[in-house]
Every structure is written in C-alpha cells, then in structure tokens.
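Data first, discussion second: the structure below is written as structure tokens.
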Amino acid sequence: MAQPPIHLNVSIHSVPAKVPSSSPVPQARPASLSTSRELVGAGDADAFFFRELERMGILLNAPQIDAVRHGDGPMLALAGAGCGKTTVLAARTAYLIAVRGIPGSRILLVTFTSKAAKEIKERIGRMPGISAAAARAVEARTFHSFGLLLLRQHGYTEQIFGEFTAQHTIMKMILRRLDHTGSYQPETLLAALSAWKMQGMWPADLPEATKEGSAVKRILLGYEDWKAQRNQWDFDDILLHARKLLDNPATLKRLQDRFHYLMVDEFQDTNAIQYDLVRRLAEPRHNLAVVGDDDQTIYSFNGARQESILEFDRVYPGTKIVNLNINYRSDSRILGLGSALVRHNRQRRPKELLAAGARGFKPAYLTPATPDEEARWVVQHIQEHVGRDGLDYGDIAILHRTSDSSRAVLEQLLLCGIPFVQFGSAPVFYDQTLIKPLMDHLRLSLTPRRKESLQSVLGPLYVPKEDGMAYIRQQEKLQAKKYPLIHLARWERLQPFQQEAVKERIRFIKSLKSLKPAYAIQEMRRQFYDKYLQAGDPLIYTQYKEMVSDTLEEFESAAGRFDTIEEFVAYADELTARHEQMEAAREERSGNAVQLMTIHRAKGLEFRQVYWIGASEGILPHSSALKKQPPADIKAGQALTDEQQLAAAALEEERRLAYVAVTRAKERLYISSPAYYHGKPSAPSRFLHEAFGILPHQDSPKPVSPRR
Numbered sequence: 001m002a003q004p005p006i007h008l009n010v011s012i013h014s015v016p017a018k019v020p021s022s023s024p025v026p027q028a029r030p031a032s033l034s035t036s037r038e039l040v041g042a043g044d045a046d047a048f049f050f051r052e053l054e055r056m057g058i059l060l061n062a063p064q065i066d067a068v069r070h071g072d073g074p075m076l077a078l079a080g081a082g083c084g085k086t087t088v089l090a091a092r093t094a095y096l097i098a099v100r101g102i103p104g105s106r107i108l109l110v111t112f113t114s115k116a117a118k119e120i121k122e123r124i125g126r127m128p129g130i131s132a133a134a135a136r137a138v139e140a141r142t143f144h145s146f147g148l149l150l151l152r153q154h155g156y157t158e159q160i161f162g163e164f165t166a167q168h169t170i171m172k173m174i175l176r177r178l179d180h181t182g183s184y185q186p187e188t189l190l191a192a193l194s195a196w197k198m199q200g201m202w203p204a205d206l207p208e209a210t211k212e213g214s215a216v217k218r219i220l221l222g223y224e225d226w227k228a229q230r231n232q233w234d235f236d237d238i239l240l241h242a243r244k245l246l247d248n249p250a251t252l253k254r255l256q257d258r259f260h261y262l263m264v265d266e267f268q269d270t271n272a273i274q275y276d277l278v279r280r281l282a283e284p285r286h287n288l289a290v291v292g293d294d295d296q297t298i299y300s301f302n303g304a305r306q307e308s309i310l311e312f313d314r315v316y317p318g319t320k321i322v323n324l325n326i327n328y329r330s331d332s333r334i335l336g337l338g339s340a341l342v343r344h345n346r347q348r349r350p351k352e353l354l355a356a357g358a359r360g361f362k363p364a365y366l367t368p369a370t371p372d373e374e375a376r377w378v379v380q381h382i383q384e385h386v387g388r389d390g391l392d393y394g395d396i397a398i399l400h401r402t403s404d405s406s407r408a409v410l411e412q413l414l415l416c417g418i419p420f421v422q423f424g425s426a427p428v429f430y431d432q433t434l435i436k437p438l439m440d441h442l443r444l445s446l447t448p449r450r451k452e453s454l455q456s457v458l459g460p461l462y463v464p465k466e467d468g469m470a471y472i473r474q475q476e477k478l479q480a481k482k483y484p485l486i487h488l489a490r491w492e493r494l495q496p497f498q499q500e501a502v503k504e505r506i507r508f509i510k511s512l513k514s515l516k517p518a519y520a521i522q523e524m525r526r527q528f529y530d531k532y533l534q535a536g537d538p539l540i541y542t543q544y545k546e547m548v549s550d551t552l553e554e555f556e557s558a559a560g561r562f563d564t565i566e567e568f569v570a571y572a573d574e575l576t577a578r579h580e581q582m583e584a585a586r587e588e589r590s591g592n593a594v595q596l597m598t599i600h601r602a603k604g605l606e607f608r609q610v611y612w613i614g615a616s617e618g619i620l621p622h623s624s625a626l627k628k629q630p631p632a633d634i635k636a637g638q639a640l641t642d643e644q645q646l647a648a649a650a651l652e653e654e655r656r657l658a659y660v661a662v663t664r665a666k667e668r669l670y671i672s673s674p675a676y677y678h679g680k681p682s683a684p685s686r687f688l689h690e691a692f693g694i695l696p697h698q699d700s701p702k703p704v705s706p707r708r
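Residue 1 is where the sequence shown starts when you use full-length UniProt numbering, and the numbers rise one by one after that.
Structure follows, in structure tokens:
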C-alpha cells in the first residue's frame with residue numbers, strides 16, 4: 001500500500017530538546033549490596049528462616065528484611081518500582097506462619113488482579129517451613145473475589161454479569177426503550193455508573209436535580225432493573241453488597257475474629273469502598289500491613305485515592321514505615337531520570353530509588369516533527385534492532401498516554417507486518433465508535449450502496465439504528481435505490497423535518513467526494529457532527545469531552561496526509577483488513593510480539609526496551625491537566641474543593657504517569673517528543689525539563705545539577 005511520503009531526519013540525543021548538551025544526566029545512587037547473609041546473624045532467633053530463603057536463592061536486602069520481620073500493628077511499606085514487593089508479601093506471610101506461629105487461616109492478603117493473587121499464593125507455597133495445607137489456608141484474593149466469597153457464604157446466589165460486550169448490548173437495549181432521542185452512548189453511561197458505585201454510592205442515590213440528570217438516572221435504573229430481574233450483579237455490585245454485609249455487627253465481628261492479620265497489595269489503587277472494607281476488617285487489632293507506592297497512583301479516574309498512603313500513619317498512629325527503594329531491574333540512569341521526574345511532586349512521601357541492577361544504557365531522546373514521523377522512526381528502529389543481543393519483539397513495549405496518540409504507530413506496525421499486541425483489543429483508529437460514522441459518510445460518498453456503512457450514519461440523523469436499517473432493508477426488497485438512505489425520507493415514523501434532513505444529508509454526502517479528506521471532516525463536524533456529539537451526551541464529564549476533541553483532531557491530522565477521499569478510504573479499509581488478519585493469527589505468534597499499550601496498562605510490567613512516545617506538552621502532561629478550571633469529573637471524584645488544588649493534583653498525576661513510563665524500562669529507554677501535535681507546535685514535556693533542573697516559565701533557563 002502506498003504511504004504518504006515522510007522523510008525521516010530524526011537524531012538521537014542524550015538530553016531532551018532545549019536542554020544544554022552539557023547538562024549532567026540524572027543517575028540513581030548505588031544501593032548497598034548487603035543481603036540477609038550479612039544482615040541476619042547466626043545467633044538471631046529467626047536465622048533459620050533466612051538461611052532457608054538463601055538456599056532458595058532469595059536474598060533479601062535490609063528494608064525487605066525489616067518489612068518481613070514486622071509483627072503486630074500497622075505497617076506501610078513504600079514499594080518503589082522494581083523493588084521486590086511481591087517477594088516481601090510472600091516472605092512476610094511465610095514469616096508469620098513459620099517463625100511467629102500464626103495459623104495461615106488467620107491471614108488475609110488482598111490484591112487487585114487475579115494474576116497477582118495467584119502469583120503471591122504460589123510464592124507462599126514455595127517459602128521455607130510452609131506446608132501445602134498452611135499455604136492453602138491463607139486467603140489471598142482480589143477485593144472482588146473476597147467480596148464474592150463472603151456473599152456466597154451468606155446465601156447470595158446472583159450471577160456475575162461482568163463481560164463488557166454483554167453489558168454494552170443490554171445498555172443499548174435499555175436505551176432503545178428509554179432514550180428516544182438517541183442521545184446517549186452505552187459505554188459512557190456504563191462508565192458513569194461504575195464511577196458512582198466506586199464512591200460507595202447506590203444507583204438509587206444518583207442525582208436527578210436537572211432534566212439531563214433525571215433522564216440518565218431513569219436509564220441507569222432501567223439497566224439495574226434488568227439485572228435484578230435476572231438475578232445478575234456487575235463487579236461493582238459485589239463490593240457494595242459486601243460492604244452492606246459488614247453493617248451487621250455480628251457478621252463483622254466474625255470476620256475480625258477470623259482474620260487477625262491483613263495485608264493489602266497496590267494500596268495506592270484502593271478506592272473509597274475498598275478502603276472502607278479494609279479499615280473495618282482491621283479493627284480492633286490494627287494488624288494491617290499495606291504495600292504500595294504513592295508515586296504510582298495513576299488511577300484516580302477509577303476512584304484510587306493517593307490519600308490512602310499519604311495519610312496512613314495519621315489514621316493509624318504508631319505505623320511502622322519501611323522504604324523498599326532498592327531497584328534490581330533497571331539501569332541507574334533510567335532510575336535517576338524517574339526519581340528526578342517525580343521529585344517535583346509536592347503531594348508525595350520523600351523517597352528515592354537506589355540502583356542495584358545490571359548496567360544498561362542512558363535514556364535517549366528524539367524530537368520528530370510529527371507523530372507520523374515518530375511512528376515511522378520507532379518502527380524502523382525496532383526492525384533494525386530485533387535480533388541483536390538476543391532482543392525479541394516480546395522484549396519491547398511502546399507506551400502512550402491516550403488511545404488516540406497510538407494511532408500513527410499502530411498503523412506503521414500493521415503496514416510493516418510487525419507482530420504486536422494492543423491491550424484492550426481495540427479496533428483500528430478509523431473503526432472506533434467516535435470515528436466510524438464520519439468514515440462511513442466518506443465511504444458512502446464513494447459507494448452509496450455500501451450496506452455495512454449505512455447503519456452508523458443513522459445516529460447523527462437521530463434515527464433509531466436497528467429500526468431504521470430494518471425499514472431500509474424492507475424497502476430495498478421492494479425497490480432498490482442508488483442511495484438507500486432515501487427510503488427514510490418516506491418513513492412514516494419520522495417527522496417531516498427529519499425526512500427533509502435525510503434528503504439534505506444525501507445531498508451533502510454526494511458533495512463530499514470532491515473535497516479533500518481533512519476539509520470534508522471539518523465540514524461534517526461544522527454542519528452536524530459536533531452538534532450531535534454535544535447533544536448526544538449531556539451527562540458526560542468534561543474529561544470525556546476532552547477525549548472526544550482530541551480524537552477528532554487526531555482524525556483530521558490523519559486525513560490531512562491524503563489528497564482524495566478515495567486514497568483515504570482505501571488506506572483505512574486496508575488497515576482494517578490487516579488488523580483482522582493480525583488478530584486471526586494472534587495465537588500463532590506464541591507471545592513474541594511488541595506490546596503496544598497505554599502507560600496506565602503498563603504499570604507493574606517491565607521490558608528490556610521501551611519507547612515512550614508523545615512526551616510533549618498537551619500529550620503528557622495531557623491538555624486536560626493544563627487547564628485552569630479542572631474537568632468536572634475530577635472535581636466530582638476528589639475530596640478537594642479548591643480549584644487551584646485540584647489543578648495541581650491533576651498535573652501531579654500526569655507527572656506520576658511519566659514516572660511509571662520511565663521505570664518500565666530495564667536496559668534501553670527511548671523518549672520521543674513530537675515538535676508538532678495536531679498541526680500545532682508542541683514543546684517537549686515540562687517533566688523532562690524539570691528532571692534536568694529547568695523549571696517552566698524561566699526566561700533564560702539555566703540547568704542545575706540533578707541529585708545523584
């Protein structure tokens with residue numbers, strides 16, 4: 001397939017753009033290499049336990065030993081990236097059992113993913129002095145699995161309705177019945193409902209002070225009624241009902257009497273309802289050990305509360321605080337950059353990663369002209385380096401801030417035939433829900449009878465999609481038309497003004513063919529699409545609207561590379577076909593594929609070689625975090641009310657995202673900052689400059705030496 005020509009003239013540098021080349025590179029200080037062999041003496045009462053760990057190849061460092069030995073009372077273990085928190089959790093559990101004689105059945109260990117719970121359980125079973133029965137007795141579960149276990153034990157029989165596609169289908173059915181305007185998007189309503197429940201609120205408590213609020217509440221309660229009639233719960237319902245169980249003093253006391261020791265993994269990710277469950281269960285003994293990193297709190301949109309860690313020792317006076325800060329996986333200069341980035345956050349516990357891992361390479365910086373040039377460079381660089389030094393596709397990750405910022409690199413991976421896995425199984429950019437109606441208008445301008453493109457253009461005409469398509473098919477059997485949409489102009493269910501709108505839309509579609517793709521998109525937005533989207537989601541929070549704007553701007557930028565509608569449509573259709581082929585062959589690749597994912601998805605993972613793309617102002621930090629007035633959903637989900645504080649909190653979360661992106665890399669890290677984004681100049685991310693001592697808004701920036 002012919003691609004729009006882009007001349008690659010991208011250089012790699014040892015410092016970000018606009019930073020003096022003489023600036024010192026941030027570097028983590030070396031960690032002490034002492035382990036339990038030197039730190040636990042033969043005369044120590046628990047020496048046998050650590051000697052057995054050593055025989056298994058587990059050599060704990062000083063802070064890890066401190067955390068493992070902790071007995072009664074609250075403990076906060078601040079676990080930096082790559083600092084062995086899973087090992088600590090498993091070893092402490094084994095220590096309680098093997099050294100302190102605590103029955104495994106008295107221990108509850110809660111984490112966030114089934115994979116993490118399974119891994120910890122397996123590691124506990126391999127620990128010294130732990131019998132298979134003792135390991136089985138430990139309750140190591142996700143929050144949802146533990147909540148469901150309690151509910152089943154108390155006679156609840158509801159089935160879990162957790163598959164998003166099925167939820168989406170049912171919400172569409174509810175909308176057909178209750179939303180005659182076609183105004184609402186199923187995925188947005190489901191996200192809003194989940195956000196409400198994660199705050200610990202019941203659907204019946206949804207606000208209805210406005211006309212829009214009342215309409216949304218009616219739809220969401222309709223969805224809840226559908227579930228109730230079929231004995232169904234979603235995942236958020238599990239936690240709501242589990243918390244309700246604990247309102248019974250007798251039930252709560254039975255659980256408190258059973259679980260004397262609680263441990264929580266990834267504590268920074270707990271939302272309000274999860275934190276409430278943990279606090280209730282930990283009463284009155286307060287034998288609560290939590291492991292997490294406030295610098296990796298990046299899920300505030302899921303209700304995660306950084307305050308859980310920042311205020312822990314105030315909630316639990318006398319808390320033992322252990323700083324797990326020795327990193328074994330990444331080059332010291334990668335770690336140094338991560339620490340130099342996040343150090344500029346004010347709402348954090350002071351700490352710094354120390355390096356004990358193998359030496360790799362200095363982070364490398366590049367400034368391509370555009371995201372398309374960036375994508376071509378990254379993919380070409382991957383092609384050149386895979387196979388060298390034993391590097392496989394599966395050792396590589398490409399990290400991006402938002403889904404639309406991966407558009408260009410996904411296209412290049414497809415065009416060059418590089419195997420990759422895109423987490424979330426999203427379609428190609430041009431087939432996304434927001435973009436497809438516009439693409440289908442373009443497709444119909446070329447092929448008016450293209451049946452698979454008809455349905456998505458009905459939404460912006462405010463015509464019920466399924467019923468409208470059924471009518472068109474029925475009329476086509478009676479008399480086929482060059483423009484099948486014209487049948488709707490005689491559909492008695494539509495008002496006269498709607499019938500006239502159909503005729504006008506057909507005239508507009510005919511005119512598109514002669515326009516340049518970018519201008520055609522601008523005209524569709526101006527004439528009907530932006531208005532449709534604004535009317536379409538009156539409930540929707542500002543951040544969603546920001547995402548809509550970003551995606552549509554990216555669409556215009558992508559279209560701007562083509563001269564004709566024919567070329568653009570052919571390009572998009574070819575990408576769809578290649579993506580389908582790639583998905584069909586996914587199992588044959590045996591996992592050896594480049595990982596393409598958002599930074600949020602990458603947390604907890606590590607890769608030999610990482611490309612952080614889109615390290616520019618407006619991308620990361622995202623434009624929504626740079627506004628003086630915070631988005632409405634951020635305001636709704638935070639305890640803070642001061643808008644300045646909210647804006648600062650949003651920017652700090654973006655900085656934590658940058659920290660997470662950097663610390664995923666073990667050996668090589670490439671950071672790319674496109675000079676132009678959506679056709680507008682874009683400076684390198686302020687976070688990169690801060691890491692090199694250049695603060696924003698300095699007229700004559702003078703670098704200061706970063707801490708080593």
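Backbone N, C-alpha and C fix where the C-beta goes; we use that ideal spot for every residue, glycine too. For clarity, every value in this text was computed on a predicted model and none was experimentally measured.
An exposed status is given to residue 416, since fewer than 16 other beta-carbon atoms sit within 10 Å of its beta-carbon. In the structure shown, residue 495 falls within a coil segment according to DSSP collapsed to helix, strand and coil. In chain order, 491 place their CB closer than 6 Å to the CB of residue 471, counting only its own chain and leaving out the 5 sequence neighbours on each side.
A direct Cα-Cα distance of roughly 21 Å separates residue 527 from residue 185. DSSP, read as helix, strand or coil, puts residue 233 in strand. Assignment of residue 596 by DSSP, reduced to helix, strand and coil, places it in the strand class. Within the stretch 255-322, the alpha helix (DSSP H) runs of at least 4 residues that lie entirely inside it are, in chain order, 272-282, 307-310 and 312-315.
In the DSSP assignment, residue 681 forms a beta bridge with 676. In the pairwise beta carbon analysis, the stretch 83-91 is classified as touching the stretch 110-128: at least three pairs are separated by under 8 Å.
Nearest to residue 435 by C-alpha distance, out of 367, 552 and 298, is 552.
With respect to the 8 Å criterion, residue 559 and residue 518 are classified as neighbours on the basis of their beta carbons.
Within the stretch 8-57, no run of beta strand (DSSP E) reaches 3 residues while sitting entirely inside it. In the displayed model, residue 359 falls within coil according to three-state DSSP, outside both helix and strand. For residue 576, the uninterrupted alpha helix (DSSP H) segment begins and ends at 565-584. DSSP places residue 399 in the strand class (E or B) of the three-state scheme. Secondary structure of residue 111 (DSSP, three-state): strand. Judged by DSSP secondary structure, residue 529 falls outside any beta strand (DSSP E); it is assigned neither H nor E.
In the displayed model, residue 666 falls within a strand according to three-state DSSP. For residue 471, no beta strand (DSSP E) run applies; the uninterrupted alpha helix (DSSP H) run containing it begins and ends at 465-478, by DSSP. CA-CA distance, residue 395 to residue 671, rounds to 17 Å. The bridge partners DSSP lists for residue 327 are 355. Ranking 244, 249 and 273 by CA distance to the CA of residue 194 puts 273 first. Counted as a single uninterrupted DSSP element, the beta strand (DSSP E) harbouring residue 366 occupies residues 364-366.
For residue 671, the beta-bridge partners assigned by DSSP are 365 and 612.
Look at the beta carbons and you see the stretch 567-582 not touching the stretch 337-356: under three pairs across the two are nearer than 8 Å. Taken atom to atom, the span from the alpha-carbon of residue 652 to that of residue 297 is near 10 Å. As a beta-bridge residue in DSSP terms, residue 140 pairs with 109.
For residue 185, the secondary structure class from DSSP, reduced to helix, strand or coil, is coil. If the five residues before and after residue 510 are omitted, its C-beta is found closer than 6 Å to no C-beta atom of its own chain. Per DSSP, residue 444 is one residue of the alpha helix (DSSP H) stretching across 436-446.
By the Cβ rule, the stretch 402-418 does not count as touching the stretch 474-491, because fewer than three pairs are nearer than 8 Å.
Taking 8 Å as the cut-off, the beta carbon of residue 326 is found no closer than this to the beta carbon of residue 288. Comparing alpha carbon positions, the residue from 678, 264 and 18 closest to residue 140 is 264. Using a 10 angstroms sphere on the CB of residue 678, the tally of other CB atoms reaches 16 or more, which defines it as buried. The continuous stretches of beta strand (DSSP E) do not include residue 164, which lies in the alpha helix (DSSP H) extending over residues 164-178. Boundaries of the alpha helix (DSSP H) around residue 378: 371-385.
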